[in-house]
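Residue numbers (our numbering): 1135 to 1445. Every residue gets a Cβ at the ideal spot worked out from N, C-alpha and C, and that includes glycine.
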Amino acid sequence: MSKTITDTAQFGRVAVVMGGSSAEREVSLDSGRNVLAALKARGVDAHAIDGIPALLDAVRAGHFARVFNILHGGGGENGELQGALQALRIPFTGSGVLGSALSLDKIRAKLVWQALGLPTPRFKALPRGADVHAAAREIGFPLIVKPAWEGSSVGVTRVFKEADLDEAVALAHRYPGDLLMETLIEGGEYTVGVLDRQVLATINIVPTGEYYDYNAKYIAEDTRYICPGLEGEAEREMQALALRAFDALACSGWGRVDIMRDREGRNWLLEVNTAPGMTSHSLVPKAAAAAGIDYETLCWRVLETSFREDA
Ligand SMILES: Nc1ncnc2c1ncn2[C@@H]1O[C@H](COP(=O)(O)OP(=O)(O)O)[C@@H](O)[C@H]1O
Ligand SMILES: [Mg+2]
């Protein structure tokens, strides 16, 4: 558990690090601006910083006491930022080096879950040059192809027939890292927020298009969000699975677990986001609101996660 802070002075000067150079830069800037405004509204001495190099310069110059990390993808979510800040003894929100690195790599996250017997769609990790057609025949159609390290559905394609495979692979290969090919789960899409050991209610995402792609995530206004997404035992089961998945990857502080639920009611873990979106369309704020936690309070509580048990 993180410490409960009542006096803004205890936070000291806070850097809200956003933007950066990942494919999710624009989303991160949007999240960051919202977080910054909320913290300021609560009287926190918070300042925007764009990207890791600028942050490290400012931290080394002694300008900040702690960091609210809202970089999505890239160095902000893969352990790089976390390692640098840890070495400089500057506390930060969210998961540490290991949790961030494991979660950003969808392939290794799945390997850990598999080893623990947690459900995740059948998959193949494919380095560049691998025989994708042989892999696809093993997985079977329909399947989904994604880059192992990206977010926001960037580079993700659903593939229903072999003729469409090469194009999907070419798209995913535009991004760094190996390629992940996995069984397409047909059913419902869910996501579960975790905030300082509290599992928020599930959200069932119902896009009007085919699936929850970049457009449905950030642009479309007609995607429906149902929270709680399930009822009774099914809701509790998915929440428990989300927390186990989060813990399995050594995550801490806060985050969001993406889960598919097939037509038979089985849950399948997709990924954990260790610095999830905080835009007006974002999911953790919606689930927090359903628990009576308004956006400003949510930002405050996330900032509290920078006070670790062992700090
Ligand atoms: N195995 C799968 N079955 C069905 N849909 C999937 C599967 N994997 C991903 N998707 C769809 O693609 C979206 C993005 O995939 P995800 O693994 O969450 O990566 P990211 O959000 O980091 O881009 C999901 O929100 C979901 O709509
Ligand atoms: Mg996702």
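In this structure, D1392 has its CB closer than 7 Å to one or more heavy atoms of ligand 1. Contact between A1182 and M1152 holds: their C-beta atoms lie close to 6 Å from each other, under 8 Å. In this structure, DSSP gives A1409 a state outside helix and strand, which the three-state scheme calls coil. Taking a cut-off of 8 Å on C-beta distances, the stretch 1223-1231 does not touch the stretch 1240-1258, as fewer than three cross pairs fall below it.
Listed as beta-bridge partners of E1316 by DSSP are F1257, I1278. Between P1310 and T1336, the CB-CB gap reaches or exceeds 8 Å.
Counting only unbroken stretches of 4 or more residues, the alpha helix (DSSP H) elements lying wholly within the stretch 1179-1224 are 1186-1194, 1208-1211, 1214-1221, in sequence order. Three or more beta-carbon pairs drawn from the stretch 1406-1416 and the stretch 1163-1171 are found closer than 8 Å, and the two stretches are therefore classed as touching. Distance between A1302 and R1223, taken at the CA atoms: about 43 Å.
Comparing alpha-carbon positions, the option among E1214, A1425, G1321 lying closest to E1398 turns out to be G1321. When C-alpha distances from E1296 are compared across G1289, M1315, H1307, the shortest belongs to M1315.
Between the alpha carbons of W1388 and L1404 lies a gap of roughly 17 Å. Listed as beta-bridge partners of F1226 by DSSP are V1201. Note: Y1359 is bridge-paired with I1339 in the DSSP secondary-structure output. Taking G1154 as reference, the option from F1275, N1203, A1171, A1384 with the minimal CA-CA separation is N1203.
Residue burial annotation: H1206 is buried, with at least 16 other C-beta atoms found within 10 angstroms of its C-beta. Using a 10 angstroms sphere on the CB of R1395, the tally of other CB atoms reaches 16 or more, which defines it as buried.
The alpha-carbon separation between G1343 and D1141 amounts to approximately 45 Å.
Closest option to A1218, judged by alpha-carbon separation, among A1270, V1290, G1185: G1185. Within the DSSP secondary-structure output, T1325 pairs in a beta bridge with I1337, D1392. With contacts defined as CB atoms closer than 8 Å, L1170 and V1201 fail to qualify as a contacting pair. A check of alpha carbon separations from G1289 across A1270, G1274, D1312 identifies D1312 as the nearest. Under the three-state reduction of DSSP output, T1138 falls in the coil class, being neither helix nor strand. Residues of the same chain with a CB within less than 7 Å of the CB of K1420, apart from the 5 flanking positions on each side, are I1337, Y1359, C1361 in chain order. The C-beta distance from T1317 to I1339 rounds to 19 Å, too long to meet the 8 Å contact threshold. For the set A1235, S1416, L1189, the Cα lying nearest the Cα of A1282 is the one of A1235. Residue burial annotation: R1271 is exposed, with fewer than 16 other C-beta atoms found within 10 angstroms of its C-beta. Short of 7 Å from the beta carbon of C1385, and not among the five residues preceding or following it, lie these beta carbons of its own chain, in chain order: S1229, G1233, S1237, V1406, T1408. Here F1294 is exposed, its C-beta having fewer than 16 other C-beta atoms within 10 Å. In the structure shown, W1247 adopts helical secondary structure according to DSSP, grouped into three states.
The three-state reading of DSSP puts A1425 in coil, since its state is none of H, G, I, E or B. A direct Cα-to-Cα measurement between Y1429 and A1423 gives close to 7 Å.
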